[in-house]
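Q: Structure provided below as structure tokens; questions to follow.
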Amino acid sequence: MKAAVIVFPGSNADRDAAVAVEQSIGAPPKMVWHRDTELPKVDFIVVPGGFSYGDYLRCGAMAAHSPIMREIKRAADKGTRVLGICNGFQIITEAGLLPGVLLRNKDLRFICKDVYLRVEQTKSDFTRRYKSGEVIRIPVAHAEGNFFADDATLQAIEDKGQVAFRYASAAGDVSDETNLNGSRGNIAGIFNEKRTVLGLMPHPERMSDPVLGGADGRKMFDGLVEALS
Amino acid sequence: MKARVHITLKNGVLDPQGKAVENALHGLGFGGVSDVRQGKFIEMKLKAGDAAAAKKEVEEMCRSLLANTVIENYAVEVID
Amino acid sequence: MKARVHITLKNGVLDPQGKAVENALHGLGFGGVSDVRQGKFIEMKLKAGDAAAAKKEVEEMCRSLLANTVIENYAVEVID
Amino acid sequence: MTSVPNARITPADIKSHGLSEEEYGRILEILGGREPNLVELGIFSVMWSEHCSYKSSKKWLKTLPTKASWVICGPGENAGVIDIGDGLAAIFKMESHNHPSYIEPYQGAATGVGGILRDVFTMGARPIANMNALRFGSPDHPKTRRLVSGVVSGIGGYGNCVGVPTVGGEVNFHPSYNGNILVNAMTVGLADQNKIFYSAAAGAGNPVVYVGSKTGRDGIHGATMASAEFGADSEEKRPTVQVGDPFTEKLLIEACMELMATDAIQSIQDMGAAGLTSSSFEMASKGGMGVQLDLEKVPQREEGMTPYEMMLSESQERMLIILKPGKEALARKIFEKWELDFAVIGHLTDTGRMVLKHHGEVVGDLPIDPLAQASPEYDRPWVATEPLPVLHAADVTEVDWRDALKTLMGCPDIASRRWVWEQYDCIVMADTAQRPGGDAAVVRIHNTNRALAISTDCTPRYVKADPFEGGKQAVVETWRNITAVGGKPLAITDNLNFGNPEKPPIMGQIVGAIEGIGAACSHLNYPVVSGNVSLYNETNGNAILPTPAIGGVGVIDDLDKMTTVAFKAPGDVILLIGQKDTASGWLGQSLYLREVAGREEGAPPPVDLKHEKLIGDFVRNLIQAGRVTACHDLSDGGLVVGLTEMALAGNIGCLLNDPGVPRHGRLFGEDQGRYVLTVKAADATAILREAEPVNIPVQMLGVTGGKDIVLADETAVSLADLRQLHEGWFPTYMSGKN
Ligand SMILES: Nc1ncnc2c1ncn2[C@@H]1O[C@H](COP(=O)(O)OP(=O)(O)O)[C@@H](O)[C@H]1O
Ligand SMILES: [Mg+2]
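Chains as they are written, first to last, in this note's numbering: chain A, 659 to 887; chain B, 5 to 84; chain C, 5 to 84; chain D, 3 to 740.
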């Protein structure tokens with residue numbers, strides 16, 4: 659299995675992603691510069707976290723127009739797995755790979771802390787190693803993770819089983835109280851319809867090593883390797 | 005030639021910033037304020053030949069970058 | 005009564021957002037754009053009795069909260 | 003040669019540039035009797051400002067110990083450099099951005115972070131951790147809330163975007179900071195020892211290269227502003243503050259790192275306070291070179307900028323590089339890839355002079371050495387702070403320990419800072435092994451099982467009461483915090499924040515604190531490798547508490563042995579190490595005294611350096627031997643506050659033996675040199691046995707377990723109540739509801 663991590667000028671979790679991917683695959687991913695017009699042949703692409711263009715204007719808006727995004731869309735259409743983490747989630751929604759948008763957190767502050775997520779959909783290469791309804795602990799670090807979609811879109815996402823994770827309590831309860839940032843339906847991560855593209859605000863790559871406080875994120879990368887090799 | 009662009013959230017889209025501003029204003033004693041909405045205001049200079057062409061160009065910018073039409077509306081004015 | 009407030013960076017103050025937007029627009033092929041500056045646009049409803057009082061009140065809001073007068077200017081319009 | 007024909011320097015010009023008549027006399031001397039023009043006067047004024055020249059503190063700073071076998075580069079460069087083994091170096095420094103942050107908290111704090119980052123990466127280090135030491139006025143002061151909110155979001159806004167984790171710091175509130183908040187930011191970076199870059203220019207003819215953002219009219223005279231006392235009109239003056247652009251900073255880091263990996267750089271320096279002036283002067287002066295600049299080549303953001311403005315602008319995110327011959331094309335390519343400005347703006351000469359040209363015309367011509375090195379140095383008169391009487395515990399009101407504990411856990415200086423640190427990305431780079439909330443932050447050295455431990459500390463109320471003891475205490479507390487996570491403390495940076503040094507009592511505080519810092523550093527073999535001084539922190543004659551903030555750095559050789567403050571399991575034995583038998587509890591200047599008894603008096607707890615070293619080394623050895631399950635040093639609030647912090651972190655209570663009398667002294671006294679440890683029950687007596695022959699006092703305090711803090715007499719406080727108080731204060735305060 660081969661993987662690539664996209665590097666935008668303000669990416670800052672590109673290395674974090676590469677380390678986690680390498681740990682699961684056993685080989686380093688290709689680092690691809692945002693201005694490249696060709697993607698290497700890979701099975702799996704990570705659009706990492708950071709502040710791609712300083713997050714000026716709207717998070718991810720400018721990165722969504724990078725030359726490499728056209729290639730990523732093309733690859734995604736052909737079924738290449740794409741994972742957008744944090745700013746990467748913002749970028750791929752701005753680029754239209756996923757529905758909805760990410761607004762400012764409801765209390766407007768940047769939030770960095772571990773959160774509990776309830777796994778909603780295990781039928782995907784990303785989540786196959788989790789159990790349905792399992793609660794995992796993964797950190798967030800964002801100011802704009804408030805997922806918004808209009809009623810019809812939201813209904814469609816729910817109906818088609820596209821919700822990957824929701825913000826929950828340690829016991830797995832999903833409520834307004836556990837809604838970290840104001841996201842509709844407590845949504846922390848969503849798939850495209852085919853479940854080959856996943857975007858999420860929390861950082862699985864920063865919870866893939868016990869020294870960092872846990873390894874719940876590792877199962878995502880291990881699952882992908884298992885599915886794609 | 006100059007252009008001014010207003011980008012505002014569509015009705016029905018939650019505006020956490022506007023709401024926070026409204027709360028803060030209430031806290032400061034401005035009790036009569038309501039329905040605060042916050043948007044963006046962008047000014048720019050353009051090389052376009054005439055106002056109509058300029059307007060078209062800026063609208064194109066709005067659609068492709070400046071606004072996210074899932075949640076935002078835009079309005080363009082061109083000033084000579 | 006409604007008010008509209010424009011908050012813009014003072015001349016000479018660095019506008020990192022404007023700069024980044026301008027570069028992105030050039031990248032998208034909008035070569036004729038320059039001097040992009042990004043500001044805020046705030047709309048609100050007011051209970052004030054008359055337009056003059058409303059304007060005064062909103063200006064007071066700008067000074068105490070909405071604008072950072074060290075680096076920003078504000079302009080208030082009141083619409084009936 | 004003046005570019006401003008007939009422009010005579012008036013006494014008003016001299017005054018507005020913050021220069022004294024005497025200093026102006028010295029300028030005339032240096033220029034051989036010729037009057038400077040305005041550009042030159044501006045250059046003198048910033049180079050001789052307190053901020054750039056350290057004229058009031060230099061004499062005393064020279065007394066600080068700066069050497070150890072692991073010090074690669076001490077004070078004098080952009081940041082200090084120490085050997086941390088495996089061919090690696092840690093490069094770090096702390097710097098203040100106090101005045102700008104008071105005027106515009108978000109941008110002031112943000113640009114403070116940007117500035118200190120540049121000081122570190124300019125030496126070849128990739129920044130791996132940010133810290134911040136913050137002091138605000140009384141929570142009741144009408145401005146405090148907005149300042150806290152702006153400063154914290156500014157620090158986060160900048161650090162989060164550049165992708166350097168902000169891993170720790172400190173926050174204090176005191177009315178003395180009402181008109182002068184303190185925003186001290188520290189950056190720690192990591193470099194290969196054979197890839198460290200310095201700022202001394204060499205090689206006549208070598209190109210002087212400007213990279214980064216364009217120059218605008220930002221912050222002109224920022225350095226002189228940071229060197230003047232605030233008056234009643236300062237809020238009206240509204241000096242231009244700089245706006246930070248963290249995105250550009252991120253690009254600048256990456257571009258510099260890429261260039262540093264080649265062999266193109268002869269020397270490099272960031273443009274900090276006094277921008278182009280101080281960077282070019284310092285580089286030339288350190289290398290004994292001259293320099294010629296063609297100012298029209300400086301990338302400019304605005305039209306019609308004058309030489310004066312370009313030389314004094316403090317626009318952010320800019321660096322000056324001396325390239326080796328023939329490397330321009332290579333360097334230009336890298337900076338263009340990162341979409342940054344790049345311009346050759348001059349070259350080095352061997353004249354020892356700085357010649358400034360604008361469109362071919364000479365607009366300034368100054369000798370470099372006399373200006374950069376012969377800046378004024380004052381031996382300002384000072385009077386020592388009168389020692390205060392020792393306050394006996396018996397003379398302090400005793401209240402029920404449970405009430406006192408609740409008051410303290412929820413008081414502004416002890417309440418959890420979670421509201422602050424959750425706005426900082428403390429985990430980006432995926433090497434943070436210990437996040438905020440413990441004693442020291444721990445950041446893994448990438449790809450190894452080793453780590454750096456970092457802590458910033460100062461207890462200003464102690465320094466006010468006794469500058470010498472307070473100076474010692476600040477150093478020792480960082481040393482203890484690093485020890486408490488299992489680290490070996492190596493060196494410090496300092497940020498000396500004081501009032502107006504022209505007042506002898508304030509100068510006395512400066513002298514006393516520096517002597518205390520020096521004494522502690524010498525005894526602990528823990529040298530000062532970098533630092534910063536911020537004076538004139540006064541408004542209308544009211545000075546801040548003297549605040550010499552210390553940032554300490556140490557190493558952990560085996561991350562598997564790292565300790566945290568959290569109780570790990572019920573049934574562990576709790577040990578108190580370092581309590582001297584005779585002590586009945588030091589309440590003078592304690593938080594118990596201030597928060598519970600409503601008094602701020604007495605001598606602060608003395609620091610016994612011999613004792614500190616003995617105890618700290620013993621504790622560290624136990625940790626490194628893997629025998630400690632949790633560790634916390636005791637500071638603000640004393641023993642029971644420390645225990646409560648450990649209990650809350652682990653969500654496990656404890657059952658404590660009778661502490662003895664006087665109970666308030668025993669429980670809340672702030673005696674120095676103490677640690678609380680938990681160990682496996684089976685190992686406790688062995689530790690006691692080992693401690694005795696080496697004269698280490700160890701007491702068994704009790705055992706962990708349950709959901710309360712319980713004393714032997716069965717009075718108890720529940721962790722749930724304590725947690726609510728501890729976690730509740732900050733969010734409630736910031737929401738404006740208290
Ligand atoms: N401004 C801040 N930014 C980040 N972390 C902070 C800040 N202030 C305090 N903290 C964290 O809160 C914890 C408690 O701080 P403090 O009481 O000063 O610790 P100590 O007494 O051990 O020095 C530490 O982990 C510290 O790093
Ligand atoms: Mg401590």
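Every residue, glycine too, gets a C-beta built ideally from N, C-alpha and C. In this text, all values refer to a predicted model and were calculated from it rather than measured experimentally.
Note down, in chain order, every chain C residue with its Cβ under 8 Å from the Cβ of H723(A).
A: Going along chain C in sequence order, the residues near H723(A) (Cβ under 8 Å) are A28, G31 and L32.
Q: Return the bridge partner residues of Y825(A) from the DSSP annotation.
A: According to DSSP, which records beta bridges pairwise, Y825(A) is partnered with L775(A).
Q: Measuring straight from C-alpha to C-alpha, what distance separates L43(D) and V185(D)?
A: Distance between the alpha carbons of L43(D) and V185(D): 30 Å.
Q: Just to confirm my understanding: we take E597(D), look at its own chain, exclude 5 residues before and 5 after, and list those with CB closer than 7 Å. What are they?
A: T409, L410 and C413, listed in sequence order.
Q: Which same chain residues end up closer than 6 Å to P7(D) when comparing Cβ atoms and leaving out the 5 residues on each side of it in sequence?
A: With a pLDDT of only 39 at P7(D), under the threshold of 50, the placement of this residue in the model should not be trusted; the figure read from the coordinates follows. The answer is none, since no qualifying residue turns up.
Q: Residues of chain B with CB closer than 8 Å to the CB of A719(A), please, in chain order.
A: L69 and N72, listed in chain order.
Q: Taking DSSP as the reference, what is the three-state secondary structure of K239(D)?
A: Model confidence at K239(D) stands at a pLDDT of 38, short of 50, so the residue's coordinates are unreliable and nothing is read from them.
Q: Quick one: give me the first and last residue of the beta strand (DSSP E) that S532(D) is part of.
A: V530 to S536 is the span of the beta strand (DSSP E), which, as asked, contains S532(D).
Q: With a CB to CB cut of under 6 Å and the five nearest residues on each side skipped, what residues in its chain are close to M878(A)?
A: Cβ within range, chain order: F784 and P862.
Q: Just grab the DSSP bridge partners of L657(D) for me.
A: The partner list for L657(D) (beta bridge, DSSP) reads V705(D) and V712(D).
Q: Is L766(A) helix, strand or coil by DSSP?
A: Here L766(A) sits in coil by DSSP.
Q: List the residues that DSSP assigns as beta-bridge partners of F702(A).
A: BP columns for F702(A) point to A661(A) and R739(A).
Q: Do the CB positions of G489(D) and A515(D) come within less than 8 Å of each other?
A: No, they are not a contact pair.
Q: When you check each C-beta in the segment 740 to 764 of chain A against every C-beta of chain B, which residues fall closer than 8 Å?
A: Correct list: E752, G758, V759, L761, R762, N763 and K764.
Q: Are G501(D) and N534(D) touching if we call contact CB-CB under 8 Å?
A: Contact flag unset, no.
Q: Can you pull the chain C residues whose beta carbon is under 7 Å from the beta carbon of G712(A), in chain order?
A: By Cβ distance, chain C contributes P20 and A24.
Q: Sort V115(D), Q475(D), T549(D) and G348(D) by Cα distance to N499(D) and report the nearest one.
A: The candidate whose alpha carbon is nearest that of N499(D) is T549(D).
Q: When we look at the beta-carbon of V82(B) and count the other beta-carbons within 10 Å, is it buried (16 or more) or exposed?
A: Buried, by the Cβ-count rule.
Q: Kindly indicate which three-state DSSP category G124(D) falls into: helix, strand or coil?
A: Sequence check: residue 124(D) is Thr here, not Gly. Note: T124(D) maps to coil in three-state DSSP.
Q: Using a Cβ-Cβ cut-off of 8 Å, state whether A52(B) counts as contacting chain C.
A: Yes, A52(B) lies at the interface with chain C (some Cβ there is under 8 Å from its Cβ).
Q: So for L755(A), helix, strand or coil by DSSP?
A: If DSSP states are grouped into helix, strand and coil, L755(A) belongs with coil.
Q: Flag D84(C) as yes if its beta-carbon sits less than 8 Å from any beta-carbon of chain B, otherwise no.
A: It does not: the Cβ of D84(C) has no partner Cβ on chain B nearer than 8 Å.
Q: Residues of chain C with CB closer than 8 Å to the CB of T250(D), please, in chain order.
A: The contacting residues are P20.
Q: Is the shortest distance between the beta-carbon of V37(B) and the beta-carbons of chain C less than 8 Å?
A: It does; some Cβ of chain C falls within 8 Å.
Q: Just the chain D side, please: which residues come within less than 9 Å of G16(C) by C-beta, in chain order?
A: Simply G218, R219, D220, T242, R303 and E304.
Q: To the nearest angstrom, report how far apart H53(D) and E379(D) are at their CA atoms.
A: Distance between the alpha carbons of H53(D) and E379(D): 13 Å.
Q: Quick one: list the residues of chain B neighbouring V716(A), beta-carbon separation under 8 Å, in chain order.
A: It should be pointed out that residue 716(A) corresponds to Arg in this sequence rather than to Val. Within chain B, the residues near R716(A) are N72.
Q: Output the distance between the C-alpha atoms of N100(D) and I75(C), rounded to the nearest integer angstrom.
A: So the two alpha carbons sit approximately 18 Å from each other.
Q: Since V245(D) meets chain C, which of its residues come closer than 9 Å, beta carbon to beta carbon?
A: Those are L13, V17, L18, D19, P20 and I75, listed as they occur along chain C.
Q: Once DSSP output is grouped into helix, strand and coil, what is the label at Q42(B)?
A: Note: Q42(B) maps to strand in three-state DSSP.
Q: Using a Cβ-Cβ cut-off of less than 8 Å, give me the residues of the segment 322 to 348 of chain D that come near chain C, in sequence order.
A: Here the close residues are E341.
Q: Here's a check: name, in chain order, each residue in its chain whose Cβ is nearer than 6 Å to the Cβ of W423(D), leaving out the five neighbours to either side.
A: Within the same chain, W423(D) has close Cβ partners P438.
Q: What residue range is occupied by the uninterrupted beta strand (DSSP E) comprising T458(D)?
A: Note, T458(D): beta strand (DSSP E), A453 to D459.
Q: Expressed to the nearest angstrom, what Euclidean distance is found between the alpha-carbon atoms of L721(D) and D660(D)?
A: Whole-angstrom Cα-Cα distance: 19 Å.
Q: From S682(A) to A753(A), what distance separates their C-alpha atoms?
A: If I take the Cα positions, the gap works out to 28 Å.
Q: Strictly under 8 Å for the Cβ-Cβ distance: is V40(B) near chain C by that measure?
A: Output row for V40(B): interface = yes.
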